[in-house]
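Protein chains: 2
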Amino acid sequence: MGNVNKVIGRIPISKVWPEVDGGDFPAKAFLGEVITFGATSFREGHDLIAVELLLTSPKGDTRRIRLAEGRPGLDEWTTQILLDQLGNWSFQVSAWEDEYHTWLHNAEVKLQASVDEELVMLEGERLLRRLAENTKGKDKKALTDFASQLVASGTSPAQRLSTALQAGLTELADRNPLRNLETLSDPRTVLCERRLAGSGAWYEFFPRSEGATRTKDGNIRSGNFKTAVKSLDRVSQMGFEVLYLPPIHPIGTSHRKGPNNTLIAGPNDPGSPWAIGNTAGGHDTIHPELGTEADFKAFVKAANKLNIEIAMDLALQASPDHPWVKSNPQWFTQRADGSIAYAENPPKKYQDIYPINFDNDPQGFFDEVLRVVTKWISFGVKIFRVDNPHTKPVDFWQRLIAEVNRANPEVIFLAEAFTRPAMMHALGKAGFQQSYCYFSWRNRKDELVEYLNELAHESANFFRPALWVNTPDILTSYLQFGGKPAFKIRATIAATAGATWGMYSGFELYESVARPGAEENIDSEKFEIRVRDWDAALKSQDTLIPRVTLLNKLRKENPALGQLRNLVTHYSDDPEVLVYSKHLAAEHNGGKANTILVVVNTDPHSVRETTVHLNLQALGAQGEIKVTDLITGQKFVWGEHNYVRLDSFTEPAHILRVES
Amino acid sequence: MGNVNKVIGRIPISKVWPEVDGGDFPAKAFLGEVITFGATSFREGHDLIAVELLLTSPKGDTRRIRLAEGRPGLDEWTTQILLDQLGNWSFQVSAWEDEYHTWLHNAEVKLQASVDEELVMLEGERLLRRLAENTKGKDKKALTDFASQLVASGTSPAQRLSTALQAGLTELADRNPLRNLETLSDPRTVLCERRLAGSGAWYEFFPRSEGATRTKDGNIRSGNFKTAVKSLDRVSQMGFEVLYLPPIHPIGTSHRKGPNNTLIAGPNDPGSPWAIGNTAGGHDTIHPELGTEADFKAFVKAANKLNIEIAMDLALQASPDHPWVKSNPQWFTQRADGSIAYAENPPKKYQDIYPINFDNDPQGFFDEVLRVVTKWISFGVKIFRVDNPHTKPVDFWQRLIAEVNRANPEVIFLAEAFTRPAMMHALGKAGFQQSYCYFSWRNRKDELVEYLNELAHESANFFRPALWVNTPDILTSYLQFGGKPAFKIRATIAATAGATWGMYSGFELYESVARPGAEENIDSEKFEIRVRDWDAALKSQDTLIPRVTLLNKLRKENPALGQLRNLVTHYSDDPEVLVYSKHLAAEHNGGKANTILVVVNTDPHSVRETTVHLNLQALGAQGEIKVTDLITGQKFVWGEHNYVRLDSFTEPAHILRVES
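Keeping their order, the protein sequence lines are chains A and B.
Residue 1260 in the working numbering sits at position 550 of the first sequence, and the numbers go up by one each step.
Residue 878 in the working numbering sits at position 168 of the second sequence, and the numbers go up by one each step.
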């Protein structure tokens, strides 16, 4: 073996960030996201260094940005940059000998101690002349003049230095550095995607339930894209930006599941939309009961008019009736008896689903999926919610997402993988723009503090979390048994603690009854069409609709809430009172800082009184702060330690905006 | 920008270890060290994978070693390997579809549930025939026979499988895998250096003090290499393996420091050995008062005879009288007034020292240092203790160590850098085989638990800690005010918690009086010759010599203590009772496990009673364990929870060997 050491530079740069796996993958960012760039850099001895970020935008412009020293003792250098262009940003860190500040520090100390006074002036003069040599025009003359002044007679060295500093010597020197011993880090990349990749409010409904009606004979008439168009207003009025639809393709009839996941479907049971494909078509086809392709196009258009994007489901599996089964049997696994393998988790069988075999004909299947995705992109779909990506090869997704994004960089893939962390993180690195996460199962303060910090800081470079309060698959015991306060608490945290949150319809109606022994709603919409009386709900005072509407309004009005990485958790003395803040500095918000502080009682069954202890620096504040509760309109003056009382039965949260 | 993504393999391998900075530097190991190799690897869906380590020894032999699953839910795969060859080991991780175990798992579950019984047998038959195709000789025949048996008539599927398993089917299949979908990680390197690089017992003395005598007129007659030879017996009898000598070169006379670091030396003051160089010579010269080059050679030889290696100081700085000042003024910094810059930390001046300028003539100075080091290597010196490496450029050290180790891979460099973590870690990555660390300032239980775990686990791949109890520069307040129990406690922990420990002479005599306001001994040997009455000390019962001797004997008898990475800390209910263990598995110790459990009261002023809670798995034990206290010889039966009483005034520690 030869030398396996990387050559260390003259000024060591031992770490840079953001970075994923030593540069193997780009760090994720979204348009408008504030990213902390930095490095660990240091030198031998006492002399000072300067550290700069060389940041190259997707358009190719390179800026040099001076980094500031970070946490004491750690040789960290950082800056925060708001990314304002889509595409790949590249950066390097440059570290060099800061001769001017080394000299200035020594000069100030020595003049104070009356040591070597004329000598340090002479050294200053020499240094400024060297800076001048490297410079042109006005700055050259100014540096030369300062050099002469430092060694001029008539006044004391201390007076000469003081005069020069007041006249702007430091700014001038900083503008014209020599960058002696400059060392560059390896280059790294940050991929800046559009805002909805990382920040947005999502809603989910089943189009067949929207506008569905119960007929006189007790049967249900399915909704469709035409009736569902009317529901877009409801979604829009609550302030959602993305509407995700479960699969809209023809549904298999073989082994179709009945209500509550029973094995035998009745003649009127509509089946699970995830059992994709029948004689009418497969992944490239619209379920006839939902309408025509024209109806779907019109639906997408109507949504877009309301500033709602449609997210489509991409579930790579087939019902036994899917056209692929006949046209491309090599995309499935043939068992030893010649039959096609259905899904199973032995000894459980899922005979309504044929999983794909990704290894028999990888190129053929890839081409087919690319064709399907490309078709729906042509219909105006720019977001795909991928069903169970963790049961398909990671390298397939990496290739598919890269290929789709090459032609359509605006397309977003959301990974629905609830599995072990290694896989969830790998899918993020493979390119998934967004991922469902374990937020639904983090309900107590301590576990929220730990998990929210992980999401906002530890994994944010490669894993963008979507905080869903419920889904057709998820109705946690917290919601089943927490009553209406539980719904309010979860929506409040989801909408304000991450950057993307999501809600599946029915949540705003407090639908909380589970199929016995399961963590999902009874009479699940996966297997039945649900008829909901939205008119009555809207008239009622007893829904979560006003709260959801308020939360999405606050998100729009307070850009700090749209960021992921700015989350800071604070302390409270109560084991159930969660406190966190989000701060966006004035320079990243048009000159005015935006700071939100959330205090929430995570126990839905109690009234809690406690003291909240704030990290004021994280709020961009000192001493007293004036805050307005954006839920009640109340105003308070807060400081480092604050009394709070939160009654979950009336209002479990403060959402405070820091006014000054 | 093009594609910046690393291509993910069919079976993702998202992390391998040991690894330093994504492979930028080799991981450190020493001969006989047990290293945990591993990977994070997983696949989509439910099918099983196998993960193997492809380990190539420095001689070029490659082994495949099957990894075992690590902690649940983390997709970790690990194995432990004792490295038994010097040089660069390289490794890759291989992950592949484990078709046999996937089939076996499904078959067992299905047979249990009476589902698809003949079909799984048929699938087994097909699989075994495929394995057989890939195989030769006896195994081919055996696989074919098993294949036929699985589908033979006459007995039930469950009976056929059971018969095959009892006949060794699994071992056979594991020996002949297909390795379908095999994915390889990037290669990584582990540099295995000799044992003393990472594990040993060190002693420090000033040769001029060894054999020094007080003359009748009250002056002191310096010791020298001839008189110091006699002291080697003392060092050897205590069981030390390395003897480190402060600089042995001529000492400058200009601005020589007097006793207790005073600015003016008297005519008989010997000066600090670190003020190197006078008219007699510099770094390549022996101080005439210590003897001749022949005397030094004889001293090294005498030490080696006692199995003691000599570590020499490498302090790259000069007194104003050093020959370099005239011969190579470009190796120093010229100030604006033409004078040579002495060391300073403004406004403090250290006029007895000229620091080196590493940037004026880097090649010339590098060559000179290489010449000096090479000279002493030719005298039998194989260890250099580098003074203040953090005040010299890191890239200089990386180059020097690589160059020296190219010709002399056995040479060890020890970094004496007490500074911020970024620099300390960078020096380890630059190649320093060993480093002083902050152990001296970690005295309470909690800080020891945190720091010892950092040293043994977080930083062990690139930073090998030497745990010194004291040095001529370090006499902590814990030792100043902790009394004799403090000395016993510190030696016990240093000798058993890390892998390398060190002691500077005088520690065993409880020398604890500090220069007022300082953290070092009064009348420091750095500036004076110390006359100690070792004969009286050896006769006295009141020294730490017996304890130190016992500790080094226990280290030799218990190889678990010579490992760094096997440290596990356990819990006790008392905030001062520290508990840790070191376990060496039987397979890495000639068939017999070696396990040491240390319980120590870190409060030198108290008697503590508490309960110790053991992680028995980390001790390689279950249920009850029999232990012998290696200090007192007492035997106990311990379990998961154990009462202890530790009286610091008599015996602050248990050092327990687990007998079974």
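Beta carbons: idealized from backbone N, C-alpha and C, even for Gly.
Just so it is clear, the structure is predicted and the values come from calculations on it, not from any experiment.
For residue 1321/A, the number of other beta carbons within 10 angstroms of its own is below 16, and it is reported as exposed. Exposed is the label assigned to residue 1334/B, since fewer than 16 other Cβ atoms lie within 10 Å of its Cβ. Shortest Cα-Cα distance from residue 1010/B to any of 1210/B, 1088/B, 795/B involves 1088/B. Any Cβ of chain A closer than 8 Å to the Cβ of residue 1177/B would place that residue at the interface, and such an atom is absent. Apart from sequence neighbours up to five positions away, the residues of its chain that approach residue 1350/B with a beta-carbon distance below 8 Å are 1323, 1324, 1326, ordered along the chain. Judged by beta-carbon spacing, residue 901/B lies beyond the 8 Å limit of residue 1016/B, meaning their Cβ atoms are not closer than that value.
For residue 816/A, the nearest beta carbon of chain B is closer than 8 Å to its own beta carbon. The DSSP assignment places 1155 to 1163 as complete runs of the alpha helix (DSSP H) inside the segment 1153 to 1186 of chain A, in order along the chain (cut-off: 4 residues). Out of 740/A, 749/A, 1006/A, the CA that lies nearest to the CA of residue 1132/B is found in 749/A.
Under the 10 Å beta carbon count, residue 859/B is surrounded by 16 or more other beta carbons and is classified as buried. DSSP places residue 748/B inside the beta strand (DSSP E), whose first and last residues are 744 to 751.
Along the segment 1277 to 1336 of chain A, the alpha helix (DSSP H) does not occur as any fully enclosed run of 4 or more residues. Secondary structure of residue 904/A (DSSP, three-state): coil. Here the alpha carbon of residue 1207/B sits roughly 27 Å from the alpha carbon of residue 799/B. The segment 1123 to 1130 of chain A makes contact with the segment 1089 to 1101 of chain A; the number of CB pairs closer than 8 Å reaches 3 or more. Secondary structure at residue 1086/A: helix, using DSSP grouped into helix, strand and coil.
Within chain A, the residues whose beta carbon sits less than 7 Å from that of residue 1057/B are 819, 820, 823, 825, listed in sequence order.
In the three-state reduction of the DSSP assignment, residue 963/A falls in the coil class. Here the segment 1271 to 1288 of chain B makes contact with the segment 1155 to 1163 of chain B; the two share three or more CB pairs at distances below 8 Å. Scanning its chain for C-beta atoms nearer than 7 Å, with the 5 sequence neighbours on each side dropped, one finds around residue 1086/B the residues 1022, in chain order.
The Cβ neighbour count for residue 1002/A, taken over all protein chains shown within 10 Å, is under 16; the residue is labelled exposed. Of all residues in the segment 723 to 741 of chain A, only 724, 731, 732, 734, 735, 736 come within less than 7 Å of chain B when Cβ atoms are compared, listed by chain position. Taking the CA atoms as reference points, residue 1343/B sits about 45 Å from residue 984/B. Restricting attention to 740/A, 742/A, 1136/A, the CA atom closest to the CA of residue 724/B is found in 1136/A. Within the segment 1074 to 1120 of chain A, complete beta strand (DSSP E) segments of at least 3 residues are found at 1093 to 1097, given in chain order. In this structure, the beta-carbon distance from residue 981/B to residue 1031/B does not fall below 8 Å. Just measuring C-alpha positions, the residue of 1300/B, 1370/B, 1066/B, 1214/B sitting nearest residue 912/B is 1214/B. A Cβ-Cβ separation of about 6 Å places residue 1270/B in contact with residue 1276/B under the 8 Å criterion. Note: residue 1123/B is bridge-paired with 1094/B in the DSSP secondary-structure output. The C-beta of residue 833/B comes closer than 8 Å to at least one C-beta of chain A. Residue 803/A is bridged by DSSP to 763/A. The residues 933, 934, 936, 937, 938, 940, 941, in chain order, have a CB closer than 8 Å to that of residue 921/A in the same chain once the five nearest residues on each side in sequence are set aside. Assignment of beta strand (DSSP E) within the segment 971 to 1038 of chain B, counting only whole runs of 3 or more residues, yields 1019 to 1024 in chain order. DSSP places residue 1364/A inside the beta strand (DSSP E), whose first and last residues are 1363 to 1368.
Contact with chain A is absent for residue 1156/B, since none of that chain's Cβ atoms lies less than 8 Å from the residue's Cβ. With a threshold of 8 Å between beta carbons, residue 715/A makes contact with chain B.
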